[in-house]
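Trainee: The structure that follows is given in the form of structure tokens.
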Amino acid sequence: MSFLPGFNHDKRTTYNSVRIRNMLLDATNLHEFYTSPLGLTTKRVIGKHIREVWPEVKNMNVLGIGYCPPYLNAFRSEAKRVISVMPVSQGILQQPNKVASQSCLTSEAELPLPDLSMDRVLIIHALECVESVRPMMREVWRVLSGNGRIIVVTPNRRGIWAQLERTPFGCGQPYSANQLSRLLRDTMFIPISSNGILYVPPSKSRMVMSSALAWESIGRYWFSALGGVISVEASKQIYAETTLGAASRRKVYSTLPSP
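Quick note, the working numbering runs 15 ahead of the 1-based positions in the sequence shown.
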């Protein structure tokens, strides 16, 4: 199964409209965005939030699903292992040898990783545009360790970033905070915290971008529901029943080699 556009949780959004909105989500366009002034500002704001939620990852295995390199680099000097998994249709860019050796293309419905092998999983530029959301989240549940945590970042349905297609957050299916938390509960995760991020407008104005952190402080206090993206941290629900039929047909992966 490939990384397909067209995921439609909301009946008001048609398959074709989601497909068109997903056209920007390839590695080249994402790389161009994150090397632009607006993309660098976005990376700074979202990256700061991720590090506040996960301040300590020493000796942990960290997995990124989607286009995560801008955010994973901060963990490489600290974590035991950092792995980036990108969807097949998104593609992958040439990277330094050490980083490239820890990156791969794969189907979101079958991660090439052993059970319980990841301590932290970051999902960004992924959930909003996959068709097989639940199979992907079941795979995340499978590879996450018993006391592991995930962070899921998606465009906010109520935010201005989701309305403008000139950035990656204007592509795919946006979520509300309640929708995202409900999806996580339905796929055997327990939401721990939910936050709005990216209150700075998606403007190319240097003055606006230079005041991004001030926008964050004001937005969280006065307009908490209107952040450009939603971030939910969740833990693994380990007491629910599992689907044995799917597990019996899945490939078995050996333990990870030493980094």
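Backbone N, C-alpha and C define an ideal beta-carbon position, used for all residues, glycine too.
All of these numbers come straight from a predicted model, not from anything done at the bench.
1) Per DSSP, what kind of secondary structure is residue 248 in: helix, strand or coil?
2) Does the count of Cβ pairs from the region 129-145 and the region 74-85 closer than 8 angstroms reach three?
3) To the nearest angstrom, how far is it from the Cα of residue 114 to the Cα of residue 95?
4) Would you identify the three-state DSSP class for residue 147, choosing helix, strand or coil?
5) With DSSP run on the structure shown, which of helix, strand or coil describes residue 55?
6) Where does the unbroken alpha helix (DSSP H) through residue 223 begin, and where does it stop?
7) How long is the line joining the alpha carbons of residue 127 and residue 101, rounded to whole angstroms?
8) Looking at the structure shown, is residue 242 part of a helix, part of a strand, or coil, going by DSSP?
9) Take residue 169 and list the residues in its own chain whose beta-carbon comes closer than 7 angstroms to its own, dropping the five residues that flank it on each side.
10) Specify the secondary structure class of residue 196 as computed by DSSP and reduced to three states.
11) Which class does residue 72 belong to by DSSP, given the choice of helix, strand or coil?
12) Quick check: the region 154-174 against the region 197-210, are at least 3 beta-carbon pairs closer than 8 angstroms?
13) Grouping DSSP H, G and I as helix and E and B as strand, with all else coil, what is residue 174?
14) Pairing CB atoms from the region 217-226 with CB atoms from the region 48-66, are three or more of them under 8 angstroms?
15) Using the Cβ count rule (16 or more neighbours within 10 Å means buried), how would you classify residue 251?
16) Opposite residue 121 in the DSSP bridges: which residues?
17) So is residue 38 buried or exposed if we call it buried at 16+ other beta carbons inside 10 Å?
18) Do you know how far the Cα of residue 155 is from the Cα of residue 253?
19) Quick one: Cα of residue 45 to Cα of residue 117, how far?
20) Once DSSP output is grouped into helix, strand and coil, what is the label at residue 127?
21) Could you tell me the alpha carbon to alpha carbon distance between residue 122 and residue 105, rounded to whole angstroms?
22) Taking residue 90 as part of the alpha helix (DSSP H), name the residues at either end of that continuous run.
23) Leaving out the 5 sequence neighbours to the left and right, which residues in its chain are closer than 7 angstroms to residue 213 when beta-carbon positions are compared?
Mentor: Here's the rundown:
1) strand
2) At 8 angstroms Cβ cutoff, the stretches touch.
3) Model confidence at residue 114 stands at a pLDDT of 48, short of 50, so the residue's coordinates are unreliable and nothing is read from them.
4) coil
5) helix
6) From DSSP, the alpha helix (DSSP H) with residue 223 extends over 221-225.
7) Going from the Cα of residue 127 to the Cα of residue 101 covers about 12 angstroms.
8) Under the three-state reduction of DSSP, residue 242 is assigned to coil, being neither helix nor strand.
9) Contacts found: 142, 143, 189, 190, 195, 244, 245.
10) Note: residue 196 maps to helix in three-state DSSP.
11) Coil, per DSSP.
12) Under the three-pair Cβ rule at 8 angstroms, the region 197-210 counts as touching the region 154-174.
13) coil
14) With the cut-off at 8 angstroms, the region 217-226 and the region 48-66 touch.
15) buried
16) 102
17) Because the pLDDT at residue 38 is just 44, under 50, the model does not fix this residue reliably, and the value given afterwards should be weighed accordingly. Flag for residue 38 reads exposed.
18) Rounded to the nearest angstrom, the gap between the Cα atoms of residue 253 and residue 155 is 13 angstroms.
19) 19 angstroms
20) coil
21) 11 angstroms
22) Unbroken run through residue 90: none, as it is neither H nor E.
23) 57, 60, 61, 176, 242, 243, 244
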